[in-house]
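Numbering (the working numbering), first residue to last: 148 to 208. A virtual CB, placed ideally from N, CA and C, is assigned to each residue, including glycine.
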């Protein structure tokens, strides 16, 4: 998986009001980097609330 912007994640969790999201985001990021997903169904199997967009991107809700 290619995460498009780790700096964007960092900018988010470095805001004081979202600091509690840091651990969860870094855990998700580590999992996503190691994943070997081949299809949107593979992503959905790991993250049941993930939504697949028409252009191939995935939104993690």
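Cβ pair residue i, residue j closer than 8 Å
{"i": "residue 187", "j": "residue 206", "result": "no"}
{"i": "residue 168", "j": "residue 159", "result": "yes"}
{"i": "residue 156", "j": "residue 178", "result": "no"}
Rounded Cβ spacing between residue i and residue j (contact assumed at less than 8 Å)
{"i": "residue 209", "j": "residue 208", "result": "Outside the shown range of the chain (148 to 208) lies residue 209, about which nothing can therefore be said."}
Helix, strand or coil at residue i [DSSP, three-state]
{"i": "residue 168", "result": "helix"}
{"i": "residue 207", "result": "strand"}
{"i": "residue 197", "result": "strand"}
{"i": "residue 202", "result": "coil"}
{"i": "residue 186", "result": "coil"}
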